[in-house]
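Position one of the sequence shown corresponds to residue 528 (our numbering), numbered consecutively onward. Below is one structure, written out as structure tokens; the observations come after it.
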Amino acid sequence: SSRSPNIVRPLATPPGASGAAPASGSLALYNIHRVQEELIDAFKCLDDLRAQRLLASLLALYPVEQVCTEVVTPVLWQVGHLWETGRLSVAIEHFASNFFRGFLTNLLYISVSENHGPLVICGCAPGEPHELAPLMLALLLRRAGMRTIYLGQSIETTSLLEVVRELQPVMLCISVTMPAYVATLIDLARRLQELPEPRPLLVFGGQAFLYHSELAHHVPGGLYLSGSMQQIVQELRQVLEDYLAGGSERTHTVQKKADPEAHDPSGKTLPSASPTHPS
528 SSRSPNIVRP LATPPGASGA APASGSLALY NIHRVQEELI DAFKCLDDLR
578 AQRLLASLLA LYPVEQVCTE VVTPVLWQVG HLWETGRLSV AIEHFASNFF
628 RGFLTNLLYI SVSENHGPLV ICGCAPGEPH ELAPLMLALL LRRAGMRTIY
678 LGQSIETTSL LEVVRELQPV MLCISVTMPA YVATLIDLAR RLQELPEPRP
728 LLVFGGQAFL YHSELAHHVP GGLYLSGSMQ QIVQELRQVL EDYLAGGSER
778 THTVQKKADP EAHDPSGKTL PSASPTHPS
């Protein structure tokens, strides 16, 4: 059977959903829509050199966080939407996803520095193949000064639990894009609760919960976060501070509701259908 596109969504709310005005110094003031259009044009031409030069020129002027939240994430949403509406081929969607995977991975590993602070582990739910959201989260957490390890996609539960037992992270951040893998997250959460203390705080989110917000309440002992990637990073820093200060019982019970009326950057409601698992 044919392989379905790796449509990538941020951990939660799509860019522009809040309707807030761009911050001072925003790339939106630097003709952000033109930048996004040029990137998409480069992808349509399968021109990775052009796309690389465009992002390199942005990184010379703006911080990584701004480029990720104001260019990379919106373009990923647009590419996914173009595919879902039949205006972009599977090949081009894969090309764009793989380009950004390489871009974010390179930034992640050049951001490594000696850090002996509390450990945060990021990755996908067991079986989940869509990894760009947790990859971006790991990058931004690392740049925010947090000691972060990124494990990648489709992690097997038993192996993930072995890593948790060995490294004893204080926080485990898991992303779920496809609703089919919420069940594996629930199983992981239950098995985490069976571990002896100290065990990590489970934080989760993703596209799977945007249109099925009720699923978040079935994850035992987990903290669900939504919002822009920068908002999530800020909240995770606060949650980590509270957790280390002895507030784990409070943070374990906090749950934020997903917004089922989330919109894409153009203001149109995104299709709620999720792609099938790549065969």
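Ideal Cβ positions, reconstructed from N, Cα and C, are used throughout, including at glycine. Model, not experiment: these values are computed from the prediction.
At a Cβ-Cβ threshold of 9 angstroms, PHE570 and ALA583 do not count as neighbours. Excluding its 5 nearest sequence neighbours in each direction, THR685 has no C-beta neighbour in its own chain below 6 angstroms. Where VAL647 is concerned, the enclosing beta strand (DSSP E) starts and stops at 646 to 651.
At a cut-off of 4 residues, the continuous stretches assigned as alpha helix (DSSP H) that sit fully inside the segment 685 to 733 are 709 to 720.
Rounded to whole angstroms, the gap between the alpha carbons of ARG561 and VAL690 is 43 angstroms.
In this structure, GLY679 sits near CYS651, with a CB-CB distance shorter than 9 angstroms.
By the neighbour-count criterion, in which 16 or more other beta carbons inside 10 Å mark a residue as buried, GLY607 falls on the buried side. TYR708 places its beta carbon 9 angstroms or farther from that of ALA743. Contact annotation: LEU767 and MET705 have beta-carbon atoms that are not nearer than 9 angstroms. In the structure shown, GLY754 falls within a coil segment according to DSSP collapsed to helix, strand and coil.
Contact between the segment 587 to 598 and the segment 658 to 677 is present: 3 or more CB-CB pairs across the two stretches fall below 8 angstroms. Where ARG580 is concerned, the enclosing alpha helix (DSSP H) starts and stops at 575 to 586.
Within its own chain, the residues whose Cβ lies closer than 7 angstroms to the Cβ of GLY654, once the five positions on either side in sequence are excluded, are SER681, TYR708, THR711, listed in chain order.
Residue pairing of GLY749 in beta bridges, as defined by DSSP: LEU729.
Closest option to ASN558, judged by alpha-carbon separation, among LEU585, LEU573, PHE627: LEU585.
Cβ-Cβ separation between VAL697 and TYR770: approximately 6 angstroms, consistent with a contact (criterion under 8 angstroms). One alpha carbon belongs to PHE627, the other to VAL599, and they sit about 8 angstroms apart. Between ASP574 and ILE619, the alpha-carbon positions lie close to 10 angstroms from each other.
Annotation for ILE567: the continuous alpha helix (DSSP H) segment containing it runs 559 to 571. Taking C-beta atoms as the reference points, ARG692 and LEU715 fail to come closer than 9 angstroms.
With a cutoff of 9 angstroms on beta-carbon distance, LEU719 and ARG726 are scored as near each other. The beta-carbon separation of LEU662 and LEU631, rounded to 5 angstroms, stays under the 8 angstroms limit for a contact. Taking a C-beta distance under 9 angstroms as the contact criterion, VAL639 and LEU763 do not qualify as a contact pair. Under a 10 Å Cβ-count criterion, LEU694 is classified as exposed, with fewer than 16 other Cβ atoms of the shown protein chains found around its own Cβ.
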